[in-house]
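Below: one structure, written as structure tokens.
2 protein chains.
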Amino acid sequence: MASVTPAEQPPLGLRERKKIKTRKAIRAATYALIEQQGYDATTIEQIADRAEVSPSTVFRYFPTKEDIVITDEWDPVILAELRARPDDESWADVLRHVMRTALDLSLAEEPEVTRLRSRLGVEVPAVRARMMESMAATGRLLREALAERSGLAPDSLELRVFAMSVMGGLMEVSHYWAETGHRDDVRELVDRALDVLEHGLATGKP
Amino acid sequence: MASVTPAEQPPLGLRERKKIKTRKAIRAATYALIEQQGYDATTIEQIADRAEVSPSTVFRYFPTKEDIVITDEWDPVILAELRARPDDESWADVLRHVMRTALDLSLAEEPEVTRLRSRLGVEVPAVRARMMESMAATGRLLREALAERSGLAPDSLELRVFAMSVMGGLMEVSHYWAETGHRDDVRELVDRALDVLEHGLATGKP
DNA sequence: CCATGATTCGACAGTAACTCTCAATCACCA
DNA sequence: TGGTGATTGAGAGTTACTGTCGAATCATGG
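Quick mapping for you: the protein sequence lines, in order, are chains A and B. Numbering follows full-length UniProt numbering, in which position 154 of the first sequence is assigned residue number 154; successive positions increment by one, without gaps. Numbering follows full-length UniProt numbering, in which position 204 of the second sequence is assigned residue number 204; successive positions increment by one, without gaps.
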């Protein structure tokens, strides 16, 4: 695999490099503090101290406290992956593939963070809220892709409902994963979820 | 119809009556202020003033500002309706019926509020977040009902995913309704959404 | 190598949502 | 009517977040 990393190759100036470093420092500080104190008990001031920046800088990098936790850099990757799938593949298979890629990357790069994040998604309402926002955003991406694939208008009620229902289902997978401490089989969970989304509920009664 | 109103019949004491009045006053004040100033510009203090209570009282009645906007009293009604449907009805029909009842009630009782609420759902992130929370809660109700109906465990991944995906789809209907100023045909929108959720996307290609 | 212009940073002040506490008031019941 | 427990109001405190303003830092052209 030829460099499957989040971002860019352009020769990045010193300024940019510093920015990335601060960004990372803030996120690392946040994760560490949350691990040992919990989310609410962790204040922006503490984060700033630990990351060796001023509180104002923290806000310059992340609009809200929740964003420090949930922001990641996979969206462009996902989008690319989404567009790269063959035209005749069913949406479920496309999603299966895309989700698998995203999960693999995320789990490989920073496994504890991935877990912590999904745990916070169940435990802290504010974080959950922010996650749903970003889920809705991804839903909009998804419906663009599905529009091309299905020939439906991207803003038709049908497509919108469909995309959001898929995202809702996938979000539930994350919660389920966090609640029932399953280990590495998130991907299996995703597969099962996509089966449900594709074929509907397999009820006991016919 | 014999009194299809949110709540109770027991002879309510003066204390209870006052509580209900204050609650209503706070909500009314909030809606009025938001109509004329917008959500963010409206502070709790203003709401308290207008409702002729103290700010602390406002917080006593509603945990957050968003709750003042989105709280309603239909959940018990919905739940009852959900359980009352015949056993052999398909989940889609059950939902169709329940949603229709809820919408009819809500639109009949306070049409402007219903519209405003769904508008705020698109415009104000915090409100949207709170709506999704309550949507998730309703999703849990839904999956209880679906569990009885389908024979699946209420906390099985499959059922959870299914319920949340349905709720996601329905939430999108509300957003769609708010964005495209459709008039009275929310119910038609719901019908179309449920068709999608039941049968999947009707794509252009076979 | 230095001046210039653009960013970025830290410090500070301000707002508003929420929390807690305590004393005063009020509805209910004997 | 007097006691009692619930409800309220006032106030002070915490914290996330916003805006502004010089100072410091850095990329760039001469």
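Just so it is clear, CB atoms sit at the ideal spot from N, CA and C, and this is done for glycine as well. Here the structure is a predicted model, which means the values were calculated and not measured.
So L157 of chain A and Y176 of chain B are supposed to be a Cβ contact under 8 angstroms. How far apart are they, rounded?
Right, the Cβ-Cβ distance comes to about 5 angstroms (below 8 angstroms), so this counts as a contact.
Taking the alpha-carbon positions, what's the R15 of chain B to V166 of chain B distance?
Between R15 of chain B and V166 of chain B, the C-alpha separation is close to 40 angstroms.
Between the Cα of E110 of chain A and the Cα atoms of A:G121, A:A28, A:V173 and A:R130, which residue gives the shortest distance?
Minimum Cα distance to E110 of chain A is reached at A:A28.
Would you kindly work out how many angstroms separate the C-alpha atoms of D195 of chain A and M135 of chain A, rounded to a whole number?
When rounded, the distance between both Cα atoms is 20 angstroms.
Distance, Cα to Cα, I47 of chain A vs A153 of chain B?
The alpha-carbon separation between I47 of chain A and A153 of chain B amounts to approximately 42 angstroms.
Is the beta carbon of I68 of chain B less than 9 angstroms from the beta carbon of I20 of chain B?
No.
Through-space distance from T22 of chain B to L116 of chain A, alpha-carbon basis:
So the alpha carbons of these two residues sit roughly 42 angstroms apart.
Check whether the Cβ atoms of E172 of chain B and A145 of chain B lie closer than 9 angstroms to each other.
Not in contact: E172 of chain B and A145 of chain B (Cβ atoms no closer than 9 angstroms).
Unbroken alpha helix (DSSP H) runs of length 4 or more, entirely within the stretch 77-152 of chain B: which are they?
Qualifying alpha helix (DSSP H) stretches, in chain order: 91-109, 111-123 and 125-150.
The alpha helix (DSSP H) spanning S54 of chain B covers which residue range?
Unbroken run through S54 of chain B: none, as it is neither H nor E.
Closer than 9 angstroms, Cβ to Cβ, to anything on chain A: give me those residues from the stretch 118-132 of chain B, in chain order.
Flagged, chain order: P125, A126, R128, A129, R130 and M132.
A41 of chain B, enclosing alpha helix (DSSP H) - first and last residue:
No alpha helix (DSSP H) holds A41 of chain B; DSSP gives it neither H nor E.
Y176 of chain B versus chain A: which residues are under 7 angstroms apart at the beta carbon?
Residues of chain A passing the Cβ test: L157 and R160.
Burial state of L12 of chain B, where buried means 16 or more other Cβ atoms lie within 10 Å
Counting C-beta atoms within 10 angstroms of its own C-beta, L12 of chain B has fewer than 16 neighbours from the protein chains shown and is therefore classed as exposed.
Residue of B:F162, B:E81, B:D191 and B:E198 minimising C-alpha distance to R96 of chain B
The option with the nearest alpha carbon to R96 of chain B is B:D191.
Can a CB atom of chain A be found closer than 9 angstroms to the CB of R192 of chain B?
Chain A, which has a Cβ nearer than 9 angstroms to the Cβ of R192 of chain B, makes this yes.
Short CB-CB distance (under 9 angstroms) between L103 of chain B and chain A:
So, not an interface residue.
Quick one: residues in its chain with C-beta nearer than 6 angstroms to the C-beta of E35 of chain B, no 5 flanking neighbours on either side, listed in chain order?
Taken in chain order, the list of residues that qualify is empty.
Pairwise C-alpha distance: A92 of chain A and R149 of chain A
A92 of chain A has its alpha-carbon roughly 12 angstroms from the corresponding atom of R149 of chain A.
With a threshold of 9 angstroms between beta carbons, is G169 of chain A in contact with chain B?
With its beta carbon less than 9 angstroms from one in chain B, G169 of chain A belongs to the interface.
If you follow the alpha helix (DSSP H) that H199 of chain A is part of, which residue opens it and which one closes it?
Under the DSSP assignment, H199 of chain A falls in the alpha helix (DSSP H) whose first and last residues are V186 to H199.
Work out the CA separation of R60 of chain A and R119 of chain A for me, nearest whole Å.
Rounded to the nearest angstrom, the two C-alpha atoms are 26 angstroms apart.
Relative to the C-alpha of V186 of chain B, which residue among B:A102, B:V122 and B:L79 is closest?
Ranking the options by Cα distance to V186 of chain B, first place goes to B:A102.
Output the distance between the C-alpha atoms of G38 of chain A and A108 of chain B, rounded to the nearest integer angstrom.
Cα-Cα distance, rounded: 45 angstroms.
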